[in-house]
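Undergrad:
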Amino acid sequence: MEIEKLFIKRMKELPSDATTPGHRLALKGGYIHQTGSGLYTYSPLGFKVLKNIEDIIRQELDAIGCQEMNMPIVSPLSLWKETGRENIDVLLKFKIRSGMDAVVNPTHEEIVTDYVRNVLQSYKQLPLSPSSLCLYQIQTKYRDELRARAGLIRCREFMMKDAYSFNISWEDLDSFYNIMLNAYHKIYKRLGLDNVIDILAPTGDMGGKISHEFQMISDIGEDTIYICSSCDYRANKEVLTDADAEDILICPKCGNKLKKLRGVEVGNIFQLGDKYTKSMGVSYLDQEGKKQTPIMGCYGIGVSRVFGCLLEQSCDESKAVFNLEVAPYKVHIISIGDEQAKTLANDLYNYLLSAGIETMIDTTDDRAGSKFANADLIGAPIRVIVSPKNIEHGVVEMKYSGLQKQYPDTFKIDEVKDKIIEIIKDNQG
Ligand SMILES: [Zn+2]
1 MEIEKLFIKR MKELPSDATT PGHRLALKGG YIHQTGSGLY TYSPLGFKVL
51 KNIEDIIRQE LDAIGCQEMN MPIVSPLSLW KETGRENIDV LLKFKIRSGM
101 DAVVNPTHEE IVTDYVRNVL QSYKQLPLSP SSLCLYQIQT KYRDELRARA
151 GLIRCREFMM KDAYSFNISW EDLDSFYNIM LNAYHKIYKR LGLDNVIDIL
201 APTGDMGGKI SHEFQMISDI GEDTIYICSS CDYRANKEVL TDADAEDILI
251 CPKCGNKLKK LRGVEVGNIF QLGDKYTKSM GVSYLDQEGK KQTPIMGCYG
301 IGVSRVFGCL LEQSCDESKA VFNLEVAPYK VHIISIGDEQ AKTLANDLYN
351 YLLSAGIETM IDTTDDRAGS KFANADLIGA PIRVIVSPKN IEHGVVEMKY
401 SGLQKQYPDT FKIDEVKDKI IEIIKDNQG
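When we follow this note's numbering, the leftmost residue of the sequence shown carries the number 1, and every step to the right adds one.
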């Protein structure tokens with residue numbers, strides 16, 4: 001992409017409600033545009049990041065045998081009446097012109113359960129873990145939240161990955177739940193999200209037995225979490241409600257003091273049991289031909305919130321840091337000065353494009369300083385600077401961000417193509 005063609009607006013005057021570094025970076029970099037309160041448009045630049053995040057999640061879920069599908073954004077209110085959830089506060093209800101009472105789905109337990117009751121007949125369709133039946137989608141959700149904050153961290157409309165497993169027993173669900181828990185850690189690691197821990201979470205109005213939240217430790221977080229300094233106990237504040245009044249909380253497992261931290265929830269997993277399958281009448285015939293009710297688990301990742309978190313953990317509000325898998329562009333080429341530099345930059349650009357590498361090129365007549373500032377906002381992990389001074393020495397200048405290893409500051413002109421390909425291969429998942 002030639003930088004002058006990128007159709008984005010880099011906001012200079014930021015609104016007063018943009019208080020977190022990540023929210024400010026999202027607006028300054030032109031990743032998002034606020035269409036309404038808690039409602040964001042992803043620019044061509046922002047949407048690339050979102051799709052890259054989705055792809056990593058998709059690959060890891062497919063790797064543990066999950067099946068992707070797609071469910072409608074709107075559903076009949078009658079489905080929500082079946083489970084008694086027709087009055088949950090984030091549910092946006094309306095009547096369609098033909099008269100049906102409808103909702104904009106804030107989550108899809110009712111909708112996926114309705115699908116499963118139509119398709120499921122035999123235990124043979126519910127293989128044992130690790131081959132469990134797990135259906136997922138990556139889709140827009142709308143929650144009628146009273147308050148939106150921190151840009152992509154808490155929106156009314158957001159992108160979510162929601163997965164639902166159907167198991168023949170609690171033991172089988174337990175086993176698959178742990179597979180999913182491990183897959184989640186793998187996903188956050190690949191996304192380059194640091195400091196994500198799993199903690200025990202309350203099961204709330206979801207019903208069920210066990211739940212974990214994945215929390216990114218961060219000062220901007222609105223959740224309070226407790227971590228034991230001596231053992232592996234970690235929990236959400238709400239799990240510890242009994243001790244709520246006390247200043248110093250004691251670990252229920254080992255008796256030592258708990259440390260208090262703030263976190264942003266980037267995912268959650270629940271063992272739901274038969275709450276939805278029972279109330280919606282899902283059944284299958286077991287080996288003896290007897291009717292049974294499947295046990296359910298559900299697994300969410302806030303895809304757009306992960307994007308917000310990646311911006312929050314970037315160095316500062318003028319510099320986006322992404323790893324090679326997530327970055328909207330892998331390489332950013334900047335030419336400074338004469339036509340010879342431009343020609344060399346274009347030659348490298350065309351080579352990288354033909355090698356299938358997403359590359360940004362800036363051969364505009366802007367000042368070098370403003371070109372570098374724009375490159376900081378776009379956050380390509382590999383930056384190449386072509387200038388007359390460097391060409392004189394037979395080299396190009398290199399800069400890196402978001403990579404695990406160190407690489408040279410310059411490459412010889414005739415080596416740079418191969419070296420960039422090598423670095424990209426070196427950083428592949
Ligand atoms: Zn402990």
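The beta-carbon is built from N, C-alpha and C at its ideal position, and this holds for glycine as well. Note that this is a predicted model, so its numbers are computed, not measured.
Return the CA-CA distance between Leu-377 and Lys-399, expressed in angstroms with no decimal places.
TA: So the alpha carbons of these two residues sit roughly 14 Å apart.
Undergrad: Would the C-beta of Asn-236 count as close to ligand 1, meaning under 7 Å from any of its heavy atoms?
TA: Checking the Cβ of Asn-236 against ligand 1 gives no.
Undergrad: Does ligand 1 have a heavy atom nearer than 7 Å to the CB of Ser-131?
TA: No, since every heavy atom of ligand 1 falls outside the 7 Å radius drawn around the Cβ of Ser-131.
Undergrad: Where in the region 145-210 do unbroken runs of the beta strand (DSSP E), each at least 3 residues long, occur, reported from the N-terminal end onward?
TA: Taking only runs of at least 3 residues, the beta strand (DSSP E) segments lying wholly in the region 145-210 are 157-167, 196-200.
Undergrad: Could you tell me if Gly-394 is buried or exposed, where buried requires 16 or more neighbouring beta carbons within 10 angstroms of its beta carbon?
TA: By the neighbour-count rule (16 or more Cβ atoms within 10 Å), Gly-394 is not buried but exposed.
Undergrad: Assign Thr-113 to one of three DSSP states: helix, strand, or coil.
TA: Helix at Thr-113.
Undergrad: Give me, in chain order, the residues of the same chain whose beta-carbon lies closer than 7 Å to that of Val-306; leave out the 5 immediate sequence neighbours on both sides.
TA: Ile-53, Leu-191, Leu-193, Val-266.
Undergrad: Val-119: buried (16+ other C-beta within 10 angstroms of its C-beta) or exposed?
TA: Val-119 is exposed by the Cβ-count criterion.
Undergrad: Among the residues of its own chain, which have a CB less than 6 Å from the CB of Asn-195, if the five just before and after it don't count?
TA: If we look at Asn-195 and ignore the five residues flanking it on each side, its Cβ neighbours are Met-216, Ile-217.
Undergrad: Please state the DSSP three-state secondary structure of His-393.
TA: Coil, per DSSP.
Undergrad: Which residue comes first and which comes last in the beta strand (DSSP E) that contains Ala-102?
TA: Run containing Ala-102: 101-104, per the beta strand (DSSP E) assignment.
Undergrad: Could you tell me the alpha carbon to alpha carbon distance between Ile-361 and Leu-348, rounded to whole angstroms?
TA: C-alpha separation (whole angstroms): 10 Å.
Undergrad: With Asp-101 and Leu-77 assumed to form a contact (beta carbons below 8 Å), what rounded beta-carbon distance in angstroms separates them?
TA: Going by Cβ atoms, the distance from Asp-101 to Leu-77 rounds to 4 Å, so yes, they are a contact pair.
Undergrad: If you draw a straight line from the alpha carbon of Lys-257 to that of Leu-249, how long is it in whole angstroms?
TA: If I take the Cα positions, the gap works out to 6 Å.
Undergrad: Would you identify the three-state DSSP class for Glu-222, choosing helix, strand or coil?
TA: Three-state DSSP puts Glu-222 in coil, outside helix and strand.
Undergrad: Give me the Cβ distance between Leu-344 and Val-386, rounded to the nearest whole Å; I'm assuming they're in contact under 8 Å.
TA: About 5 Å separates the two Cβ atoms, so the contact holds.
Undergrad: At which residue ranges does the region 307-383 contain complete beta strand (DSSP E) runs of 3 or more residues, listed in the order of the chain?
TA: Entirely contained in the region 307-383, the beta strand (DSSP E) runs reaching 3 residues are, in chain order, 331-335, 359-362.
Undergrad: Measure the Cβ-Cβ separation of Val-331 and Val-282 and say whether it is below 8 Å.
TA: In this structure, Val-282 does not lie closer than 8 Å to Val-331 by Cβ.
Undergrad: Are at least three pairs of beta-carbons, each pair with one atom in the region 224-237 and one in the region 88-108, less than 8 Å apart?
TA: At 8 Å Cβ cutoff, the stretches do not touch.
Undergrad: For the candidate residues Glu-422, Lys-405, Ile-391, whose alpha-carbon lies nearest to that of Lys-412?
TA: Taking only the C-alpha atoms, the option nearest Lys-412 is Ile-391.
Undergrad: Helix, strand or coil for Ala-235 per DSSP?
TA: Strand, per DSSP.
Undergrad: Which whole-angstrom value is the C-beta distance of Asp-418 and Gly-300, which I expect to be below 8 Å?
TA: 42 Å between Cβ atoms; not a contact.
Undergrad: Under 8 Å: do the region 282-299 and the region 15-24 share three or more Cβ pairs, one atom per stretch?
TA: Cβ pair count under 8 Å is below three, so no.
Undergrad: Pull up the distance between the alpha-carbon of Thr-21 and that of Leu-311, whole angstroms please.
TA: Position check: residue 21 holds Pro in this sequence, whereas Thr was assumed. Approximately 8 Å, taken between the alpha carbons.
Undergrad: Confirm, please, whether the CB-CB distance from Ile-168 to Pro-294 is below 8 Å.
TA: Contact: yes.
Undergrad: So the candidates are Leu-261, Asp-338, Leu-403; which of them puts its Cα closest to the Cα of Lys-389?
TA: Nearest of Leu-261, Asp-338, Leu-403 to Lys-389, Cα basis: Asp-338.
Undergrad: Among Met-1, Asn-182, Glu-358, whose alpha-carbon lies nearest the alpha-carbon of Glu-213?
TA: Cα-wise, what sits closest to Glu-213 is Asn-182.
Undergrad: Taking one C-beta from the region 54-61 and one from the region 29-38 each time, how about it: are there three or more such pairs within less than 8 Å?
TA: The answer is no - the region 29-38 does not touch the region 54-61, with fewer than three Cβ pairs under 8 Å.
Undergrad: Please identify the residue among Ile-187, Asp-144, Cys-134 whose C-alpha is closest to the C-alpha of Leu-173.
TA: When each option's Cα is compared against that of Leu-173, the closest is Cys-134.
Undergrad: Quick one: Cα of Leu-128 to Cα of Gln-139, how far?
TA: Each residue's Cα considered, the two are about 27 Å apart.
Undergrad: Return the first residue and the last residue of the beta strand (DSSP E) that Tyr-142 is part of.
TA: Per DSSP, Tyr-142 belongs to the beta strand (DSSP E) from 133-142.
Undergrad: Which whole-angstrom value is the C-beta distance of Thr-107 and Lys-141, which I expect to be below 8 Å?
TA: That belief holds up - the Cβ atoms of Thr-107 and Lys-141 are roughly 7 Å apart, short of 8 Å.
Undergrad: Once DSSP output is grouped into helix, strand and coil, what is the label at Leu-126?
TA: It is coil, neither helix nor strand.
Undergrad: Can you look up Pro-294 in the DSSP assignment and give me helix, strand or coil?
TA: Pro-294 falls in the coil class under three-state DSSP.
Undergrad: Given that a residue counts as buried once 16 or more other Cβ atoms are within 10 Å of its Cβ, and exposed if not, what is Ile-334?
TA: The residue in question, Ile-334, is buried, as its Cβ has 16 or more Cβ neighbours within 10 Å.
Undergrad: CB-CB under 6 Å to Tyr-164, same chain, minus the five flanking residues each way: which ones, in chain order?
TA: If we look at Tyr-164 and ignore the five residues flanking it on each side, its Cβ neighbours are Val-112, Leu-135, Cys-298.
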